[in-house]
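Residue numbers (the UniProt record's numbering), protein chains in the order written: chain E, 1 to 302; chain D, 1 to 275.
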């Protein structure tokens, strides 16, 4: 068996529950990512998605299990893994450009000032912010701040990009625009991305595979759904693809009806679901359940 | 309608005129309606009753003093500028020494909960001590009145800086620390490029409180140690019963204190950031 780029093996997180006992948020998380893949992870609040991402980032420690990237165990944070946080985490005393310069300098300490600046500006331009180089984060809208944050992460060219619900705090219109930008920048760079989202449509638009998590406590990554829509994708046209609706219905059905009880394969790896090939067991067919899941999808998005 | 600033300025000036007018009227010498008694003649016509000098007299004196602030005519007759310069020098020396200790130690206890817990009891006991209470001990140990005054300034300005630095450093948002961690910054680099700018507004607030306290304390300290300085000057003029000079120097203490505070306020503006 050939080794994958990133291998997560038997990860679990246990917290004291405050009454002398223990609470297992998630357990025996197993998955692998290949180089260049875009993978989203969806699950209800409290299943520990953010904790998994923080463990991958090296900002948090798992109670058991390990993460191996490129054959090396992940211990502590590192520049080969870039993180985009939900609350942007820009340094408010630095301008948009200097927030990126700061990161680029950390990544390539030997670069000349000029080279760092040119490189940083290029990435800000990629997210359409070349007019706001010298503005402080407080002078930028939420959407613009998140663009700076995304540009910062891409500018350091990490081997693995971790996005923790990057669009969670944005309004729907802004979110759409930045999703398009993320698609564009990802098509250009083809970086490996692991992203948390609550938004089913966002997951389908962006990812090659979608991990579905069952509910916590004792949450697992139960299924891995292949998104069979080829790149490049666009928000405006993706609705026309029949695979889009099939995938969407499947995801919503999982989140609404099955996330409480779903389990992975016996060996702990997520069940592989390939909707195009009809391997799946159940998709909601009747018109009635269709409308139900539509409503539910909106609730999940909100 | 004039802008708010103009109206406020007009109102300020009229309050000043009103207050000075009342003061002037209340402190007029009584009319010498009768011929002077023998005793009065012997006293050169001086009042028996001592009075607060009227503002006109204070202004006249202020004009004379300020037009030649740096004259030096012996130990007890130096210009107001020289006296203020001595005080500012003592305040700044003590203050900078306090800064040199308070900022690193504050950083340390802000970063390390262990050090915070270990040092906090001492800080809590030492902090409420009136700085002047240290004076006898300082005089005995240091054996130099000037250095003792500086020590008193040091000890009174250290606490607000220390506590604010610790508080600012301890409360830097975890997100920003995480940014430093994910970019593999060294501890020193993290301290200088992330924690220091993040905590700077809180630290500057502490420094501003400290300079205010130091300026309050220097007057009292110089009254005790004597020799030079604005505190000594006030006390000396009181001993001379020169109340106009006392009032004038009180005003100068206020003006210099305000300037020190303004300077720190400007510095605070420089490091402030909006989230």
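A virtual CB, placed ideally from N, CA and C, is assigned to each residue, including glycine.
- In this structure, the beta-carbon distance from residue 94 of chain D to residue 214 of chain D falls below 8 Å.
- Contact between residue 226 of chain D and residue 232 of chain D holds: CB atoms are separated by about 5 Å, below the 8 Å threshold.
- For residue 117 of chain D, not one C-beta of chain E is nearer than 8 Å to its own C-beta.
- For residue 85 of chain E, a Cβ of chain D is located within less than 8 Å of the residue's own Cβ.
- For residue 24 of chain D, same chain residues with a beta-carbon under 8 Å away, outside a window of 5 residues either side, are 54, 55, 56 in chain order.
- At a cut-off of 8 Å between beta carbons, residue 60 of chain D makes no contact with chain E.
- Contact between residue 205 of chain E and residue 238 of chain E is confirmed by a C-beta separation of about 6 Å, below the 8 Å threshold.
- About 11 Å separates the CB atoms of residue 263 of chain D and residue 204 of chain D; that is not less than 8 Å, and the two are not in contact.
- Its Cα nearest to that of residue 249 of chain E, the residue E:203 stands out among E:203, E:218, E:263, E:166.
- Look at the region 222-233 of chain D: it has no residue with a C-beta under 9 Å from a C-beta of chain E.
- Distances from the alpha-carbon of residue 36 of chain E to those of E:147, E:186, E:259 put E:186 closest.
- Distance from the CA of residue 189 of chain D to the CA of residue 19 of chain E, rounded to the nearest whole angstrom, comes to 41 Å.
- In terms of Cα proximity to residue 222 of chain D, the closest of D:138, D:145, D:70, D:121 is D:145.
- Counting along the chain, residue 148 of chain D sits inside the alpha helix (DSSP H) bounded by residues 145-170.
- Residue 158 of chain D and residue 98 of chain D do touch by the CB rule: their CB atoms are close to 4 Å apart, below 8 Å.
- If you check each beta-carbon in the region 67-85 of chain E against every beta-carbon of chain D, the ones closer than 9 Å belong to 76, 77, 78, 79, 81, 82, 83, 85.
- In this structure, the straight-line span from the alpha carbon of residue 73 of chain E to that of residue 7 of chain E is close to 9 Å.
- Between residue 219 of chain E and residue 26 of chain E, the C-beta gap is smaller than 8 Å, which places the two residues in contact.
- By alpha-carbon distance to residue 81 of chain E, the top candidate from D:179, D:254, D:101 is D:179.
- In the three-state reduction of the DSSP assignment, residue 72 of chain D falls in the strand class.
- Per DSSP, the continuous alpha helix (DSSP H) segment holding residue 182 of chain D begins and ends at 174-182.
- Taking C-beta separations shorter than 8 Å and ignoring five residues to either side along the sequence, the partners of residue 164 of chain D in its chain run 106, 202, 203, 205, 206, 207, 209, following chain order.
- Residue range 81-84 is occupied by the beta strand (DSSP E) that includes residue 82 of chain E.
- The C-beta separation of residue 259 of chain E from residue 214 of chain E comes to about 5 Å, placing the pair in contact by the 8 Å criterion.
- If the five residues before and after residue 68 of chain E are omitted, its C-beta is found closer than 6 Å to the C-beta atoms of 7, all from its own chain and listed in chain order.
- The DSSP assignment places complete alpha helix (DSSP H) segments of no fewer than 4 residues inside the region 185-251 of chain D at 187-190, 196-225, 230-239, in order along the chain.
- When beta bridges are read from the DSSP output, residue 209 of chain E appears opposite E:39, E:226.
- Residue 50 of chain E places its beta carbon 8 Å or farther from that of residue 14 of chain E.
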